[in-house]
Every structure is written in structure tokens, then in C-alpha cells.
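Colleague: Okay, here's the structure, questions in a sec.
In the numbering used here, the protein residues as written are 701 to 931.
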């Protein structure tokens, strides 16, 4: 009777994919997707105040989903990928609109989009292929810049916050005049160094992840060749 009850209790506590989809941090992630959709709609409807509000709320929820994932022990691969995709799509949508209002910087903006997506994809793929549980986990031999970036939550937050602030302020200042515009220019200047550091880290991340993937490829090829020689 006790064994049957234990088996029944075990089955009742087993998670299904629906449970994972309804994790609190993942629900926050869906909310961010909705806010990004609203922000994009407001972008092209030329509603700058609404755009900024939706965008800023989405960015603060990006911090909240990680907090609740750790608090409720609801970390998941799905949530990790959802978070990264939402981040990349949100930033890309904003930058593509910056190309419209600042066409003279279009090549520069295209470079930023490419670097952002490629560096994070490489990092994610390298982490998954090496069996890491999270793309933010760093080995002991990881590049010191990446280790500081991913393992120190304060550094991670402020660099991401400053980078996104630079983009959203670049957009917002286009629609302002008078004192508000001057104030935004000051904030824009303050966020610019953070923006530079964050995108330099993207370059380091792309190189480091590419190098690790190539090292793993070389190791795997050498092992296969040694096996074939033995056979």
C-alpha cells in the first residue's frame, strides 16, 4: 500500500511541458514579448512616449524573470532561450527604426545588429554543445572579461541597462525639444561609454565562443581519426 502510494505521489509531482511553459519567469517572458509588440506598434505609429514606456517596462521585466527563476527554482532551457530571443528581437526592432530616423548611421547600426545576434548565438551554441546548463556559466579558464560580465550580476545589469538606455534615448531625443531634449542628450552622453564597453564585450564573446567551438571540433576530429587508426 505504501509503495503504491509513493509511486502515485511521485507521478503526481512530475512536471509536464505545460508546467514548464507556465513557469513564473516564462510568463514574464511572454509579457515581455507582448510589450515588445506594443513598442514596435507605437514606433511605427510615431507614439514616442508610449514606445519608451513599453520598452522600459520590458527591460525591467528582463531583470525580474531571472530573479523569479532563481527564487522559485524554475530555471529552464526554454526560459533561457526565450529570454535571449526576446532580448535580441527587442533590441533589433529598435535599432532598425533608428536606421529610419538616422539613415546616415545605417551601416553602423547594421554592424551592431549583426554583432549582437552572432555573438550571443555563438555563446549559446557553444554552451549547449559543451553540456553547460546555462550560457552564463563560465569555466575557470574563461576569458576574464566574459567571466566578470556573466558572473557579476551588478556588472551584467548596468552594462545591459546602459546599452539599452543608449538605444532608447537615441530614439527618444529625435522627438523632443527644449529642456527635455537637452536632458536626454546629457543622459545619452552618460550612457555612451557603457554602450561602447557592452559592444566590445560582444566582440570578445564572438571571438571566444568561436575559438571554443573550433577547439572542440579539433578535439572531436582527432579522436575520430585515432579511433579509425586503431580499427
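Just so it is clear, CB atoms sit at the ideal spot from N, CA and C, and this is done for glycine as well.
Any idea what DSSP makes of residue 916, helix, strand or coil?
Modeller: One-based indexing of the chain shown puts residue 916 at position 216. The answer is helix: DSSP assigns residue 916 an H, G or I state.
Colleague: Am I right that residue 739 and residue 751 are in contact with their C-beta atoms under 8 Å? What's the rounded C-beta distance?
Modeller: Start at 1 with the first residue of the chain shown, and residue 739 comes out as number 39. Start at 1 with the first residue of the chain shown, and residue 751 comes out as number 51. The pair is a contact, with the Cβ atoms about 5 Å apart (cut-off 8 Å).
Colleague: Can you check which of these residues, 847, 883, 830, is closest to residue 836 by C-alpha distance?
Modeller: Sequence index remark: in the chain shown, residue 836 carries index 136 (1-based). Of the candidates 847, 883, 830, the one whose C-alpha sits nearest the C-alpha of residue 836 is 847.
Colleague: Which stretch, first to last residue, makes up the alpha helix (DSSP H) that contains residue 715?
Modeller: Counting from 1 along the chain shown, the entry for residue 715 is found at position 15. No alpha helix (DSSP H) contains residue 715, which DSSP labels as neither H nor E.
Colleague: Closest to residue 742 by C-alpha separation, out of 892, 794, 782, would be which residue?
Modeller: As a first step, residue 742 must be located in the chain shown, where it is residue number 42. When only C-alpha atoms are compared, the closest one is 794.
Colleague: How long is the line joining the alpha carbons of residue 924 and residue 918, rounded to whole angstroms?
Modeller: Counting from one through the chain shown, the residue named residue 924 turns up at place 224. Counting from one through the chain shown, the residue named residue 918 turns up at place 218. Rounded to whole angstroms, residue 924 to residue 918 spans 10 Å at the Cα level.
Colleague: Just how far apart, CA to CA, sit residue 790 and residue 922?
Modeller: Your numbering for residue 790 matches position 90 in the chain shown. Your numbering for residue 922 matches position 222 in the chain shown. Each residue's alpha carbon lies about 41 Å from the other.
Colleague: Once the 5 residues before and after residue 813 are set aside, which same chain residues still bring their CB inside 7 Å of it?
Modeller: Counting from one through the chain shown, the residue named residue 813 turns up at place 113. Excluding residues within five positions, the ones whose Cβ falls inside 7 Å are 792, 795.
Colleague: Taking the continuous alpha helix (DSSP H) assigned at residue 827, which residues delimit it?
Modeller: Walking along the chain shown from the start, residue 827 turns up at place 127. Counting along the chain, the alpha helix (DSSP H) containing residue 827 begins and ends at 806–829.
Colleague: Is residue 822 buried or exposed, if buried means 16 or more other CB atoms sit within 10 Å of its CB?
Modeller: Taking the first residue of the chain shown as 1, we reach residue 822 at position 122. By the 10 Å Cβ count, residue 822 comes out buried.
Colleague: Which residues mark the beginning and the end of the alpha helix (DSSP H) in which residue 726 is found?
Modeller: Numbered from its first residue, the chain shown carries residue 726 at position 26. Element bounds for residue 726: 724–744.
Colleague: Is there contact between the stretch 852–863 and the stretch 873–885, where contact requires at least three CB pairs shorter than 8 Å?
Modeller: No, the stretch 852–863 is not in contact with the stretch 873–885.
Colleague: Could you pull the start and end residues of the alpha helix (DSSP H) that residue 771 belongs to?
Modeller: Taking the chain shown and counting its residues from 1, one reaches residue 771 at position 71. Segment 748–771, the alpha helix (DSSP H) holding residue 771.
Colleague: For chain D, is any of its Cβ atoms less than 7 Å away from the one on residue 918?
Modeller: The structure shown contains no chain D; it is built from a single protein chain.
Colleague: Using a Cβ-Cβ cut-off of 8 Å (strictly less than) and excluding sequence neighbours within five positions of residue 866, which residues of its own chain qualify?
Modeller: Here the question's residue 866 lines up with position 166 in the chain shown. Same-chain partners within the cutoff: 888, 891, 892, 894, 895.
Colleague: For residue 723 and residue 874, what's the separation of their Cα atoms in angstroms?
Modeller: Numbered from 1 along the chain shown, position 23 holds the residue referred to as residue 723. Numbered from 1 along the chain shown, position 174 holds the residue referred to as residue 874. In a straight line, the C-alpha of residue 723 is about 39 Å away from that of residue 874.
Colleague: Please list, in chain order, all residues of the same chain as residue 853 whose beta carbon is under 7 Å from its beta carbon, the five residues on each side excluded.
Modeller: One-based indexing of the chain shown puts residue 853 at position 153. Result list for residue 853: empty, nothing under 7 Å.
Colleague: Which runs of the alpha helix (DSSP H) fall wholly inside the stretch 834–920 and span at least 4 residues, in chain order?
Modeller: Whole alpha helix (DSSP H) segments, 4+ residues: 844–851, 853–872.
Colleague: With the cut-off set at 7 Å, would you say residue 783 and residue 831 are in Cβ contact?
Modeller: One-based indexing of the chain shown puts residue 783 at position 83. One-based indexing of the chain shown puts residue 831 at position 131. Contact: no.
Colleague: Tell me whether residue 774 sits in a helix, a strand or coil according to DSSP, three-state version.
Modeller: If you number the chain shown from 1, residue 774 lands on position 74. Note: residue 774 maps to coil in three-state DSSP.
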